[in-house]
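Heads up: the sequence shown begins at 4 in our numbering, then just goes up one per residue.
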Amino acid sequence: MRDLSLCLRPVEGGPLERLESHDPRFLTVADLVQRESYAEAADAIEALDGEGGYEVRLSAYYLFAALREDGLVRLPDVLEVLISLARAAAAEAAQGEGKDKSKPAVLLNKALTWLFQTLLSALKYHHGKKDAGWEAWTKGFSDGKRKDALRGIQTLQGALEGAAFRNGAQGLAGLGQWLKETQERAAAPAPAPEPAKPAAPAKGRGAKAAAPPPSFPRTTGPLQLRGSAHLLELCDKLKAFEVLVERGDFQKAALVSDDVLRTLEDFDPRRYLPELFSSFGALLNRHVGDMQEHWERKETMEWRTLSQFYQVDLGAFVGPSE
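Put into C-alpha cells, the structure is as follows:
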C-alpha cells in the first residue's frame, strides 16, 4: 500500500527541490503516465522523493496510482491529503508577492483537474462494463467509506475557493455528483414486474400483418467512452486556452490555439478514442478475407446502389434482427 504522506512533503517543511516541468526527471514520470504505466510512475515518484525532488502534479499521479491499486476504499485518505495541499497552496498564494504569488494554486489546480478527470473517466468506464475492474475499484468501499468520501469532497470544495481553482473544483464536483448518483441508483428499489397481458386473439385473414421485428439496437442516450491519454492532454490544452483568453494573455493563447488547430487538422479518432473502434477493428481483422471480394467490386452498379440505400436508411439497410 502506497504511503500517501509522501505527497505532503511541502506542507511538512524541510529542504525540497521543486522540479520544473521541463526537468528530465519530471518528463520521465509524465511519459509513464501518458502510457498509463501508473505503477511504474508511482515507483519513480518514490525514488524522486528519496532524492528530495517534488512537484505537485507528481502528487496527482501518485494519488491516482494508489487509488488504482487499492480502489475507492482509499478515496477518503486521498481527499485528506488534497485538503492539506489546497490549504497550503491558498496560504502560500496569500503570503506571496508579485506575479508568481498564484503559481502554487495554478499548479495545484492543474494537478486536481487531471486527477479528477482521469479518476471519473476510469470509474465511469468500469461501472458501465461491470467488469472485474469495477469489482477491484469498489472492493471494501462500504456505505461508511462512501459517506467519508462525500464529506471529504465537501471539505475540499470549501478549500478550493477562488478563480485559480475553478477547473479543479469543477472536476471535484463532477466526482461528488457521480458518487451520489451511483449510490442512489444502487439504493433504488427494483420496479415491480408488470402483470402478464392476456394473449392476443388470433388474427383472421383480413387482419393486419404482425409488425416486423425490430432492427438492430440503435445508439441512444449519452455515451460513456474512455478516452486515451492523448484525449486527456487535448482537454487540458482546451482548458488552458480558455484560461489564457480570460486572463488576456493572447500571446500564449495564440500559441495554444495554433497547436490545437494542427491537432484538429490531423485528427485521428482512433488515437483519441481507441475504445470506440476496438470491436470494429477486431471484427474487421477476423473477417477481412470474407469482405475482400466485395471491396473489389466497388465500381459496380450493385455496390453503388447498396451504398445509396446505406446512406439514406441505416435501419432498413441492416434489416430486422433474426
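Using N, Cα and C, we set each Cβ at its ideal position, and we do this for glycine too.
(Q) Between the stretch 128-138 and the stretch 36-54, can you find at least three pairs of beta-carbon atoms closer than 8 Å? (A) Because the criterion of three Cβ pairs below 8 Å is not met, the stretch 36-54 and the stretch 128-138 do not touch.
For residue 12, does the three-state DSSP call read helix, strand or coil? Reduced to three states, the DSSP call for residue 12 is helix.
task = Determine the direct distance from the alpha carbon of residue 94 to that of residue 11, and round the result to whole angstroms.
result = About 15 Å.
Exercise. Check whether the Cβ of residue 138 lies closer than 7 Å to any heavy atom of the ligand SAH, and answer yes or no.
Key: Looking for the ligand SAH in the displayed structure turns up nothing, as the structure carries no ligands at all.
- prompt: Pairing CB atoms from the stretch 292-303 with CB atoms from the stretch 233-246, are three or more of them under 8 Å?
  reply: Output reads no: the stretch 233-246 does not touch the stretch 292-303.
With residue 14 and residue 88 assumed to form a contact (beta carbons below 8 Å), what rounded beta-carbon distance in angstroms separates them? The C-beta distance from residue 14 to residue 88 rounds to 7 Å, short enough to fall under 8 Å.
Output needed for residue 300: all residues of its chain with C-beta closer than 7 Å, excluding positions within five of it in sequence on either side, in chain order. If we look at residue 300 and ignore the five residues flanking it on each side, its Cβ neighbours are 306.
Should residue 270 go down as buried or exposed, given a rule of 16 or more other Cβ atoms within 10 Å for buried? Exposed is the label assigned to residue 270, since fewer than 16 other Cβ atoms lie within 10 Å of its Cβ.
Could you give the DSSP three-state label for residue 236: helix, strand or coil?
In the structure shown, residue 236 falls within a helical segment according to DSSP collapsed to helix, strand and coil.
When you compare only the Cα positions, how much space is there between residue 43 and residue 178?
Taking the straight line joining both Cα atoms gives about 26 Å.
Exercise for the section: Would you decide whether residue 79 is buried or exposed? Buried here means 16 or more other CB atoms lie within 10 Å of its CB. Expected result: Answer is buried; the Cβ neighbour count reaches 16.
| Among residues of its own chain, excluding the 5 on either side of residue 84, which ones have a beta-carbon nearer than 7 Å to its beta-carbon? | Excluding residues within five positions, the ones whose Cβ falls inside 7 Å are 7, 10, 11 and 66.
- Message: Are the CB atoms of residue 276 and residue 230 within a distance shorter than 8 Å?
- Response: Judged by their CB atoms, residue 230 and residue 276 are nearer to each other than the 8 Å cut-off.
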